[in-house]
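Trainee: Got a structure for you, written out below as C-alpha cells; questions coming shortly.
2 protein chains.
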Amino acid sequence: MVHLVPVDDPADPRLADFVRLRDVQLRKSLEAEHGLFIAEGEKVIRRAVGAGYPVRSFLMARRWAEPLADLLAGTGAPVYAADDAVLEKITGFNVHRGALAALDRLPLPPVAEVVAGARRIVVCEDLVDHGNVGAVFRCAAALGVDAVVLAPRCADPLYRRAVKVSMGAVFAVPYARMTDWYGGLGTLREQGFRLLALTPAADAVPLDELDLTGRCALLLGTEGDGLSDRWQKEADQAVRIPMDATALDRGVDSLNVVAAAAIACYALTR
Amino acid sequence: MVHLVPVDDPADPRLADFVRLRDVQLRKSLEAEHGLFIAEGEKVIRRAVGAGYPVRSFLMARRWAEPLADLLAGTGAPVYAADDAVLEKITGFNVHRGALAALDRLPLPPVAEVVAGARRIVVCEDLVDHGNVGAVFRCAAALGVDAVVLAPRCADPLYRRAVKVSMGAVFAVPYARMTDWYGGLGTLREQGFRLLALTPAADAVPLDELDLTGRCALLLGTEGDGLSDRWQKEADQAVRIPMDATALDRGVDSLNVVAAAAIACYALTR
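Structure representation (C-alpha cells):
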C-alpha cells in the first residue's frame, strides 16, 4: 500500500526539488548545489532506481501511483500527489508524461577507472544541448560503445532533458568527466587509445577506410563549431563521414552532431 | 540601398505573417491557410530565396539588414524593422538568430515526378516532431538520398523548426507528399522501388547484410511507435540496425529516429 502525501500549495518547501523544471539556468545551479537530478516517467524512473540512485522524493498526479506502486513502496521516499493544475504551477509545464522523481547524484568515477576495460569510447568535448548529450548516450548504449568521457564543460547527462532523450541510457553507459580540458586527451592516449577527431574536413580519412584495430576514442565537438583547435591537434587521426558528391551543391557540408555520432558509433563498433 | 519600413506596433496587420511563432497549433493553421512559411537567419533565408520561393516580407532588427542588403534589395518585398522588444512581442520569443522572412509556398510536385530519376529515397510515415523531419532532410542532403516522400500526416518540412534544423536542406532535397496513405506504397513499388521497413524487430535483416542493388525506398516510422502495421506488411523487406549484444542489458532496444535514419541512409548510400 503506497502512502500518498497530498499537496496543493505550489510554494510548499517540500516540493523545492521540482520547481520550474523548464528554467535551465535555475535548474543547473539548483541541481548542482543540492546534488540532485530529475527523472520523468515510469520507465526512466525505474532505470534510475535500478542503477542505484537514491530517491529523495516523488511528485505525481494520483493516477500515476498505481503503475509504480511496487517501486514507491520499496524506496521509502515520500510520494507527493497533486492535481494537474498544481503540478503545472510547481514545475512550469503540463506534466502529462507521468511521475517525476528527484534523485541524489552519485560521485562520478575517475576517467581512468571508467575507461579501464573499454575498447571503444566516445569523448564529448563541449556539447551544449542536453538533448544531444542524451541522444549520444542512447547511441552508445544501443551500438555497444563501452564508455563515454565528457570534457569539463560538456552539458550534464543527468539534466532532465538529457535523461529523457537518452531513454535512461545515461544510467547504463559508464561515464566520467575530465577535470582537465587541456591535458585530458593525453591521459587517454597514455592508456593506449587512438584519438579519432570527427570532423567534416575534406582531408580527413573517410570513416569507412579507417583502421579500427586496438582501442579507439571518438572525439565529438560542440554543435556548430565542432572540436577545438587544441583537441584537433591532439588527435592521432582526423576522420570524416563521407558526404555525397551532391551535398555541397545542396548547400550541406555536414551532419548534425547526433546523426554524425550515430554513424560514427555504428562504424566504430562494426 | 535598402528601404527599411520601421514598425513599432506588435498588432500592425502588415506583420500578421510573423505572429506567435512558437504557437505550433496557431502556426500550422495560419501557414496552411495563407500558403506561407517562415525562414530564419541569413543562411537559411538565402537558400530559400535561391530555391525560388517568393518572399512576402522580411522582419528584423536593423542590425541584420546590412549583411542581407543585396538580397533585400533584390526581392522587392517590404523589409520591416523593429527593435528587439517589439520583435519579441510579435513573435513570442527573443529573436537573436537574425532576420525573419515570410515566403510563399510553391505547389509540391506529384510523388511520381519526384521519384522518377531517383535510386535511393526515404519515405517518412508519420513523423510528429518538426526537428526530426528537418534532421532527416539534412541527412538525406549530406549522404546523397535522391528524394524524400512524406505520408499524408507526416509533419511539415517547411515548418520553421524543420527548416532551421535542416539548415535549409528542405529546399535542396526534392520531396513530395502522398495523398493516399493506404495505397501510397503500392505506387512506389510499381515504379520499381524495393520497400525497406526500418524496424528494431529482431527477425529483420541486419542493415549490413542487405542487398542494395536496384531502387530502394527506406521507410521510417513515427517516433516511439515506428511504422504502422499496414506499412510493415506492405514492405518487401524488414531491416534493422544491428544492436550491440549488451544493448538490452543496458535497457535500450532501439535508436531515436534521427540516429536510425542517419545510419540507415549512410548504409543505403555506400
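Just so you know, the sequences run in chain order A and B.
Here the numbering used here is used: the first residue of the first sequence is 5, the next is one more, and so on.
Here the numbering used here is used: the first residue of the second sequence is 5, the next is one more, and so on.
Even for Gly, the Cβ is constructed at its ideal location relative to N, Cα and C.
Small disclaimer: the values here were computed from a predicted structure and weren't measured.
#1: Three Cβ pairs or more, each shorter than 8 Å: is that satisfied between the region 43 to 55 of chain A and the region 167 to 181 of chain A?
#2: Which of the residues in the region 253 to 272 of chain A, read from start to end, lie with their CB under 9 Å from any CB of chain B?
#3: Counting Cβ pairs, one atom from each stretch, are 3 or more of them under 8 Å apart for the region 156 to 163 of chain B and the region 131 to 144 of chain B?
#4: In this structure, does DSSP put B/D215 in helix, strand or coil?
#5: Please give the ranges of any alpha helix (DSSP H) in the region 146 to 193 of chain A, keeping only runs that are unbroken, at least 4 residues long and fully inside the region.
#6: Would B/A81 pass as a contact of B/V59 if the rule is Cβ separation under 8 Å?
#7: Please classify B/F22: is it buried, with 16 or more other beta-carbons within 10 angstroms of its beta-carbon, or exposed?
#8: At the level of alpha carbons, what is the spacing between A/V126 and B/A263?
#9: Does the region 218 to 234 of chain B come within contact of the region 191 to 199 of chain B, defined as at least 3 CB pairs closer than 8 Å?
#10: Given that B/T250 touches chain A, what residues does it touch there, using C-beta distances under 7 Å?
#11: Enumerate in chain order the residues of its own chain whose CB-to-CB distance from B/P210 is below 7 Å, with the five nearest sequence positions on each side excluded.
#12: Going by beta-carbon coordinates alone, are A/V53 and A/T79 separated by less than 8 Å?
#13: From this set, A/L110, A/L91 and A/P111, which residue's C-alpha is nearest A/L104's C-alpha?
#14: Report the neighbours of B/G172 on chain A: residues whose CB is nearer than 7 Å to its CB, in chain order.
#15: Between which two residues does the beta strand (DSSP E) holding A/Y84 run?
#16: For the beta strand (DSSP E) that contains B/E46, what are its first and last residues?
#17: Drop a sphere of 10 angstroms on the beta-carbon of A/D150, count the other beta-carbons inside from all chains shown, and report buried for 16 or more, exposed for fewer.
#18: What is the DSSP secondary structure of B/V127, counted as helix, strand or coil?
#19: Contact criterion: CB-CB distance below 8 Å. Does A/A139 meet it with respect to chain B?
#20: Since B/A201 is in the beta strand (DSSP E), which residue starts that stretch and which ends it?
#21: Which term fits A/S33, buried or exposed, when burial requires 16 or more other beta carbons within 10 angstroms of its beta carbon?
#22: Ordered along the chain, which non-local residues of its own chain (more than five positions away) have a Cβ less than 7 Å from that of B/Y270?
#23: Considering Cα atoms alone, identify which of B/W185, B/L259 and B/G255 is closest to B/D233.
#24: Measuring only the C-alpha atoms, how far is A/W85 from A/L107?
#25: Tell me, which residues are paired with B/M247 by DSSP?
#26: For B/V152, is the classification buried or exposed, using 16 other Cβ atoms within 10 angstroms of its Cβ as the cut-off for buried?
#27: Could you name the residues of the same chain whose beta carbon sits closer than 8 Å to that of A/T273, not counting the 5 residues immediately before and after it, in chain order?
#28: Find the residues of chain A that neighbour B/V177, judging by a C-beta separation of less than 8 Å, and give them in chain order.
#29: Pop quiz: A/Y179 and A/V140 are said to be a contact at Cβ under 8 Å. What is the actual Cβ separation, rounded to whole angstroms?
#30: Roughly how many whole angstroms lie between the Cα atoms of A/G230 and A/E70?
#31: Report the neighbours of A/C143 on chain B: residues whose CB is nearer than 8 Å to its CB, in chain order.
#32: Determine whether the beta carbon atoms of B/L259 and A/C143 lie at a separation below 8 Å.
#33: In the structure shown, what three-state DSSP assignment does A/L224 receive?
#34: Cutting at 7 Å between CB atoms, please list the residues of its own chain near B/L223, excluding the five before and the five after it.
#35: Using a C-beta cutoff of 8 Å, does B/D212 count as contacting chain A?
#36: Within 8 Å of any Cβ in chain A, is that where the Cβ of B/R219 sits?
Mentor: Considering the structure as presented:
#1: yes
#2: D253, R254, G255, V256, D257, S258, L259, N260, V262, A263, A264, A265, A266, I267, C269, Y270 and A271
#3: yes
#4: The residue given as residue 215 of chain B occupies position 211 in the second sequence. Three-state DSSP puts B/D215 in coil, outside helix and strand.
#5: 164 to 170
#6: For the purposes of this step, residue 81 of chain B is identified with residue 77 of the second sequence, where counting begins at 1. For the purposes of this step, residue 59 of chain B is identified with residue 55 of the second sequence, where counting begins at 1. For B/A81 and B/V59, yes; Cβs fall inside 8 Å.
#7: By one-based count along the second sequence, residue 22 of chain B stands at place 18. It counts as buried.
#8: By one-based count along the first sequence, residue 126 of chain A stands at place 122. By one-based count along the second sequence, residue 263 of chain B stands at place 259. Straight-line Cα distance between these residues: approximately 15 Å.
#9: yes
#10: If you number the second sequence from 1, residue 250 of chain B lands on position 246. By Cβ distance, chain A contributes G148.
#11: Stepping through the second sequence from its first residue, residue 210 of chain B is reached at position 206. Closer than 7 Å at the Cβ level, and outside the excluded window around B/P210, lie R244 and P246.
#12: Numbered from 1 along the first sequence, position 49 holds the residue referred to as residue 53 of chain A. Numbered from 1 along the first sequence, position 75 holds the residue referred to as residue 79 of chain A. A/V53 is a Cβ neighbour of A/T79, given a cutoff of 8 Å.
#13: Here the question's residue 104 of chain A lines up with position 100 in the first sequence. Closest by alpha carbon: A/L91.
#14: Numbered from 1 along the second sequence, position 168 holds the residue referred to as residue 172 of chain B. The contacting residues are G255.
#15: In the first sequence, residue 84 of chain A corresponds to position 80, counting from 1. Its beta strand (DSSP E) spans residues V83 to A85.
#16: Here residue 46 of chain B refers to the residue found at position 42 of the second sequence. For B/E46, there is no enclosing beta strand (DSSP E); the residue is found in the alpha helix (DSSP H) stretching over E46 to G54.
#17: Residue 150 of chain A sits at position 146 when you count from the first residue of the first sequence. The residue in question, A/D150, is buried, as its Cβ has 16 or more Cβ neighbours within 10 Å.
#18: Here residue 127 of chain B refers to the residue found at position 123 of the second sequence. B/V127: strand per DSSP, three-state reduction.
#19: Mapped onto the first sequence, residue 139 of chain A falls at position 135. Chain B, which has a Cβ nearer than 8 Å to the Cβ of A/A139, makes this yes.
#20: Here residue 201 of chain B refers to the residue found at position 197 of the second sequence. Under the DSSP assignment, B/A201 falls in the beta strand (DSSP E) whose first and last residues are F197 to L202.
#21: On the first sequence, position 29 is the one that residue 33 of chain A refers to. Under this definition A/S33 is an exposed residue.
#22: Residue numbering aside, residue 270 of chain B sits at position 266 when the second sequence is read from its first letter. Within the same chain, B/Y270 has close Cβ partners L147.
#23: Position 229 of the second sequence holds residue 233 of chain B. In this structure, B/W185 is the residue among B/W185, B/L259 and B/G255 with its C-alpha nearest to the C-alpha of B/D233.
#24: As a first step, residue 85 of chain A must be located in the first sequence, where it is residue number 81. As a first step, residue 107 of chain A must be located in the first sequence, where it is residue number 103. In the sequence as presented, Trp is not what sits at residue 85 of chain A; that position holds Ala. Going by the C-alpha atoms only, they are around 17 Å apart.
#25: Within the second sequence, residue 247 of chain B is the residue found at index 243, counting from 1. Answer is none; B/M247 lacks a bridge partner.
#26: Within the second sequence, residue 152 of chain B is the residue found at index 148, counting from 1. B/V152 is buried by the Cβ-count criterion.
#27: Taking the first residue of the first sequence as position 1, residue 273 of chain A is located at position 269. Hits under 8 Å: R124, L147, G148 and V149.
#28: Start at 1 with the first residue of the second sequence, and residue 177 of chain B comes out as number 173. Per Cβ cutoff of 8 Å: R254.
#29: Within the first sequence, numbered from 1, the residue matching residue 179 of chain A stands at position 175. Within the first sequence, numbered from 1, the residue matching residue 140 of chain A stands at position 136. The C-beta distance from A/Y179 to A/V140 rounds to 10 Å, too long to meet the 8 Å contact threshold.
#30: Position 226 of the first sequence, counting from 1, holds the residue named residue 230 of chain A. Position 66 of the first sequence, counting from 1, holds the residue named residue 70 of chain A. The straight-line gap from Cα to Cα measures roughly 46 Å.
#31: Translated into the one-based positions of the first sequence, residue 143 of chain A becomes position 139. Within 8 Å Cβ-Cβ: L259 and A263.
#32: By 1-based counting over the second sequence, the position of residue 259 of chain B is 255. By 1-based counting over the first sequence, the position of residue 143 of chain A is 139. Here B/L259 is near A/C143, since their CB atoms are less than 8 Å apart.
#33: As a position in the first sequence, residue 224 of chain A is number 220, starting the count at 1. Strand.
#34: Counting from 1 along the second sequence, the entry for residue 223 of chain B is found at position 219. Once the five neighbours on either side are set aside, the close Cβ partners of B/L223 are V127, E129, L199, L200, A201, L202, L231, W235 and A239.
#35: Counting from one through the second sequence, the residue named residue 212 of chain B turns up at place 208. Output row for B/D212: interface = yes.
#36: For the purposes of this step, residue 219 of chain B is identified with residue 215 of the second sequence, where counting begins at 1. Chain A, which has no Cβ nearer than 8 Å to the Cβ of B/R219, makes this no.
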